[in-house]
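Trainee: Have a look at the structure that comes next, please.
There are 2 protein chains.
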Amino acid sequence: MESAINVLVSQFKTYAAKDDSKNTLSKEEFQSLVTSQLPNFVKNYKTNSKWFLIRRGVSADSQNASDPATVDQLMKSLDENNDGELTFLEFWKLIGSVANQHGGFSQ
Amino acid sequence: MESAINVLVSQFKTYAAKDDSKNTLSKEEFQSLVTSQLPNFVKNYKTNSKWFLIRRGVSADSQNASDPATVDQLMKSLDENNDGELTFLEFWKLIGSVANQHGGFSQ
């Protein structure tokens, strides 16, 4: 498990480091990460159950990882302190919801 | 990232499946998982910074992954609905704090 956690931490750092704020994801970094690193998981959200995105106000017909509107709304729903950046823990909540739904724990 | 998430989900399921409640971790399953899967990360909590465990009322001198008292207090702090079992999302919070601290995001 530790190596898997290391992968998630290092990937977050890789995408977060693209601009000056090295420890947070801007919207562009977040979109780039979701599109390239979570293509299947976010797509599954689209087909299987939209509970995560709908609960966060993202309309059902626009939930596509590469669709800027989806990323924008998703980012706003995760960006708890509204500073336009995602901290690791804010980002971690998305991964938790993705993993929870992917693991079949939330029917 | 998706494969790393799959590892975390499948490991959770492996440990959770040892008793009848297949989708949650009992205290014994949680201890077994923490001891065997997170030995270094939880140990680092002990030496580097105890903020996570102290914030959850676990005394500084007893934070050892295999120490039942630590696991017991940690479990209580995570078990939000106090049913003696950890759901995936309750467990996910621990992993998030471990990863957050391990990634150096929380100084």
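Note that the protein sequences, when read in sequence, are chains A and B.
In terms of UniProt numbering, the first sequence has 25 at position 25, counting the first letter as 1, and numbering is strictly consecutive.
In terms of UniProt numbering, the second sequence has 87 at position 87, counting the first letter as 1, and numbering is strictly consecutive.
Even glycine gets a Cβ: it sits at the ideal position worked out from N, Cα and C.
This structure is a prediction, so every number in the text was calculated from the model and none was measured.
Tell me which residues share the same chain as residue 24 of chain A and place their Cβ nearer than 7 angstroms to its Cβ, disregarding the 5 neighbours each side in the sequence.
Mentor: Taking the first residue of the first sequence as 1, we reach residue 24 of chain A at position 24. The answer, listed in chain order, is 16, 85, 86 and 87.
Trainee: Determine the direct distance from the alpha carbon of residue 5 of chain B to that of residue 95 of chain A, and round the result to whole angstroms.
Mentor: Residue 95 of chain A sits at position 95 when you count from the first residue of the first sequence. Residue 5 of chain B sits at position 5 when you count from the first residue of the second sequence. Going from the Cα of residue 95 of chain A to the Cα of residue 5 of chain B covers about 8 angstroms.
Trainee: Report the residue ranges of all alpha helix (DSSP H) runs contained in full by the UniProt domain "EF-hand" (66 to 101) of chain B; include only those spanning at least 4 residues, in chain order.
Mentor: The qualifying runs are 68 to 78.
Trainee: Where do the ends of the alpha helix (DSSP H) carrying residue 32 of chain A lie?
Mentor: If you number the first sequence from 1, residue 32 of chain A lands on position 32. Element bounds for residue 32 of chain A: 27 to 37.
Trainee: For residue 27 of chain B and residue 71 of chain B, I'd like the C-alpha separation in whole angstroms.
Mentor: The count along the second sequence starts at 1 and reaches residue 27 of chain B at position 27. The count along the second sequence starts at 1 and reaches residue 71 of chain B at position 71. In a straight line, the C-alpha of residue 27 of chain B is about 8 angstroms away from that of residue 71 of chain B.
Trainee: Give a yes or no on whether 8 angstroms exceeds the smallest Cβ distance from residue 82 of chain B to chain E.
Mentor: In the structure shown, chain E does not exist; the protein chains are A and B.
Trainee: By the three-class DSSP mapping on this structure, what secondary structure does residue 13 of chain B have?
Mentor: Here residue 13 of chain B is taken as the residue at index 13 of the second sequence, counted from 1. In the structure shown, residue 13 of chain B sits in a helix (DSSP, three-state: H, G or I).
Trainee: In whole angstroms, what separates the C-alpha of residue 22 of chain B from that of residue 102 of chain B?
Mentor: For the purposes of this step, residue 22 of chain B is identified with residue 22 of the second sequence, where counting begins at 1. For the purposes of this step, residue 102 of chain B is identified with residue 102 of the second sequence, where counting begins at 1. Those two C-alpha atoms are separated by around 29 angstroms.
Trainee: On a CA-only basis, which of A:68, A:1 and A:3 is nearest residue 33 of chain A? Give me that one, please.
Mentor: Along the first sequence, read from residue 1 onward, the residue named residue 33 of chain A stands at position 33. The shortest Cα separation from residue 33 of chain A among A:68, A:1 and A:3 belongs to A:68.
Trainee: Between B:73, B:105, B:106 and B:2, which has its C-alpha nearest residue 30 of chain B's C-alpha?
Mentor: Stepping through the second sequence from its first residue, residue 30 of chain B is reached at position 30. Per the Cα distances, B:73.
Trainee: Please report how far the alpha carbon of residue 20 of chain B lies from the alpha carbon of residue 77 of chain A, in whole angstroms.
Mentor: Within the second sequence, the letter at position 20 stands for residue 20 of chain B. Within the first sequence, the letter at position 77 stands for residue 77 of chain A. Spanning the two alpha carbons is a distance of roughly 36 angstroms.
Trainee: When you compare each of A:37, A:89, A:75 and A:10 to residue 1 of chain B by their alpha carbons, which one comes out closest?
Mentor: The count along the second sequence starts at 1 and reaches residue 1 of chain B at position 1. Out of A:37, A:89, A:75 and A:10, A:37 has the C-alpha closest to the C-alpha of residue 1 of chain B.
Trainee: Which class does residue 21 of chain A belong to by DSSP, given the choice of helix, strand or coil?
Mentor: Counting from 1 along the first sequence, the entry for residue 21 of chain A is found at position 21. If DSSP states are grouped into helix, strand and coil, residue 21 of chain A belongs with coil.
Trainee: Ordered along the chain, which non-local residues of its own chain (more than five positions away) have a Cβ less than 8 angstroms from that of residue 91 of chain A?
Mentor: Translated into the one-based positions of the first sequence, residue 91 of chain A becomes position 91. 12, 25, 30 and 78.
Trainee: Given residue 93 of chain B, which residues of its chain have a CB within under 8 angstroms of its CB, disregarding the five upstream and five downstream residues?
Mentor: For the purposes of this step, residue 93 of chain B is taken as the residue at position 93 of the second sequence. Taken in chain order, the residues that qualify are 78.
Trainee: Can you have a look at residue 100 of chain B and say buried or exposed, based on whether 16 or more other CB atoms are within 10 angstroms of its CB?
Mentor: The residue given as residue 100 of chain B occupies position 100 in the second sequence. Classification for residue 100 of chain B: buried.
Trainee: Can you find a C-beta in chain A that's less than 8 angstroms from the C-beta of residue 38 of chain B?
Mentor: As a working note, residue 38 of chain B is residue 38 in the second sequence. For residue 38 of chain B, the answer is yes, since a Cβ of chain A falls inside 8 angstroms of its Cβ.
Trainee: Nearest to residue 40 of chain B by alpha carbon, out of B:106, B:98 and B:105?
Mentor: By one-based count along the second sequence, residue 40 of chain B stands at place 40. Checking every option, the nearest Cα to that of residue 40 of chain B belongs to B:98.
Trainee: Note down, in chain order, every chain B residue with its Cβ under 9 angstroms from the Cβ of residue 75 of chain A.
Mentor: Here residue 75 of chain A refers to the residue found at position 75 of the first sequence. Here the premise fails: no neighbours, minimum Cβ distance about 17 angstroms.
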